[in-house]
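Colleague: In the UniProt record's numbering, the protein residues as written are 1 to 174.
For every residue, glycine included, the Cβ atom is placed at its ideal position computed from N, Cα and C.
Here the structure is a predicted model, which means the values were calculated and not measured.
Can you keep this structure in mind? I'll have questions shortly.
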Amino acid sequence: MPYHLRRWQPGDEPALAKYANNDRIWRNVRDSFPHPYTLDDAYQWIQLCEAEKQPTVFAIDVDGEAVGGVGIILQKDVFRKNAEIGYWLAEPFWGRGIMAEAVKEMTEYAFRHFEIHRIYAGVFEYNSASMRVLEKAGYAFEAILRKSVFKEEKLWNEHVYVKFREEKNSPDKG
1 MPYHLRRWQP GDEPALAKYA NNDRIWRNVR DSFPHPYTLD DAYQWIQLCE
51 AEKQPTVFAI DVDGEAVGGV GIILQKDVFR KNAEIGYWLA EPFWGRGIMA
101 EAVKEMTEYA FRHFEIHRIY AGVFEYNSAS MRVLEKAGYA FEAILRKSVF
151 KEEKLWNEHV YVKFREEKNS PDKG
């Protein structure tokens, strides 16, 4: 199914509120992702995204409709060469390979446009579909952070996946 990444824009609010307001999505994302996800939340998100000079978040567009999102959070201080990637996709589009391709595209974009060396993602232990997305996008399993996530009144392990910037003259490359 064809998709493309684009900036979030005014007019995306109804689709964003419709698709993001889903328990099965909220269960797999940080609590800062609103739930329930209202039209007001969508308007606030679009305003925040419009203010970015160099975009770090994109809408996943299928047939002219925003059906998900992918983005990075640039880290600071001693972690400034790192970024965390996050993503979500509307449930009707799950299982079609869209997310792995969008993560791969976002990763390439991030390495091209930002001075980062490492992109990582944390996945809740029960989200095997997200782990497969990262593996298909070229990420490698790095670690399990035991009982580091508190979601739905329970402690969960977090599985960390990582992708490093490819160095042209890296000793690993021969």
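Considering only residues of the same chain and omitting the five flanking positions on each side of Lys173, which have a CB-CB separation below 6 Å?
Modeller: Because the pLDDT of Lys173 is 49, which lies under 50, any placement of that residue in the model is unreliable, and the number read from its coordinates should be weighed accordingly. For Lys173, where only same-chain residues beyond five positions count, there are no Cβ hits under 6 Å.
Colleague: Would you kindly report the start and end of the unbroken beta strand (DSSP E) that includes Glu108?
Modeller: From DSSP, Glu108 is part of no beta strand (DSSP E) but of the alpha helix (DSSP H) over 98-113.
Colleague: Fully enclosed by the stretch 104-168, which beta strand (DSSP E) runs are 3 residues long or longer?
Modeller: 118-124, 140-151, 154-164
Colleague: Applying the criterion that 16 or more other CB atoms from any shown protein chain within 10 Å of the CB defines a buried residue, is Gly64 buried or exposed?
Modeller: Counting C-beta atoms within 10 angstroms of its own C-beta, Gly64 has fewer than 16 neighbours from the protein chains shown and is therefore classed as exposed.
Colleague: Should Met106 and Ile72 be called a contact, given that it needs their Cβ atoms to be closer than 8 Å?
Modeller: yes
Colleague: Helix, strand or coil for Ala20, going by three-state DSSP, please let me know.
Modeller: helix
Colleague: Using a 10 Å radius around the Cβ and a threshold of 16 neighbouring Cβ atoms, would you call Val78 buried or exposed?
Modeller: Exposed.
Colleague: By the 10 Å Cβ neighbour count, where 16 or more other Cβ atoms means buried, how is Ile25 classified, buried or exposed?
Modeller: buried
Colleague: If you draw a straight line from the alpha carbon of Arg165 to that of Ile119, how long is it in whole angstroms?
Modeller: 8 Å
Colleague: Going by DSSP, what residue range makes up the beta strand (DSSP E) through Glu84?
Modeller: Membership of Glu84 in the beta strand (DSSP E) is indicated by the continuous run 82-89.
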